[in-house]
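For the sequence shown, the working numbering gives the first residue as 1376, with consecutive numbering after it.
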Amino acid sequence: VQLQASGGGLVQAGDSLRLSCATSVRPWYMAWFRQAPGKEREFVSGVGLISRTDYGDSVKGRFTISRDNEKNTVYLQMNSLKIEDTAVYYCAIGRIETRVAAQYDYWGQGTQVTVSS
């Protein structure tokens, strides 16, 4: 199983970015996590096969997750980015709807998002 994340970069506060993660399978649940230096991996957002979504409190209203089941790809549209959104973003796939990182089966390699002032 392969996951390939892309779309990270360096932006200014208030800007937008769109992350993509293509997988080699069609999983039940696809999610994004992020990890900032010195912090634990944090659930950002998840989406099920029938497109029910979940968001972490810190991104609710600013980020939108979606998936294309024909392309086996999950997207994360990030708007109104803040400096505290700076982190490595990871995509993950699993068999259940969960916010717990340890319950995911496969992970992408991570893509860096840096938000400057």
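Glycine residues also receive a C-beta, built at the ideal position from the N, C-alpha and C atoms.
All of these numbers come straight from a predicted model, not from anything done at the bench.
- Within the region 1401-1489, the runs of beta strand (DSSP E) at least 3 residues long that lie entirely inside it are, in chain order, 1404-1410, 1417-1423, 1428-1430, 1438-1443, 1448-1453, 1462-1469.
- If you ignore the 5 residues before and after A1411, its C-beta comes within less than 7 Å of the C-beta of T1461, A1462, all in its own chain and listed in chain order.
- For G1384, the uninterrupted beta strand (DSSP E) run begins and ends at 1384-1387, by DSSP.
- Note on geometry: alpha-carbon atoms of G1431 and R1393 lie some 17 Å from one another.
- For S1491, the three-state secondary structure derived from DSSP is strand.
- For Q1379, the enclosing beta strand (DSSP E) has its first and last residue at 1378-1381.
- Within the DSSP secondary-structure output, S1395 pairs in a beta bridge with S1381, Y1450.
- The shortest CA-to-CA distance from L1456 to any of V1386, Q1377, T1398 is the one to V1386.
- Burial is judged here by how many other beta carbons sit within 10 angstroms of a residue's own beta carbon; L1451 has at least 16 and is buried.
- Look at the beta carbons and you see the region 1404-1422 touching the region 1438-1452: at least three pairs across the two are nearer than 8 Å.
- G1382 is positioned such that its CB atom lies no closer than 7 Å to that of S1399.
- Distance from A1397 to K1446 at the Cβ level is roughly 7 Å; contact confirmed, criterion being Cβ atoms closer than 8 Å.
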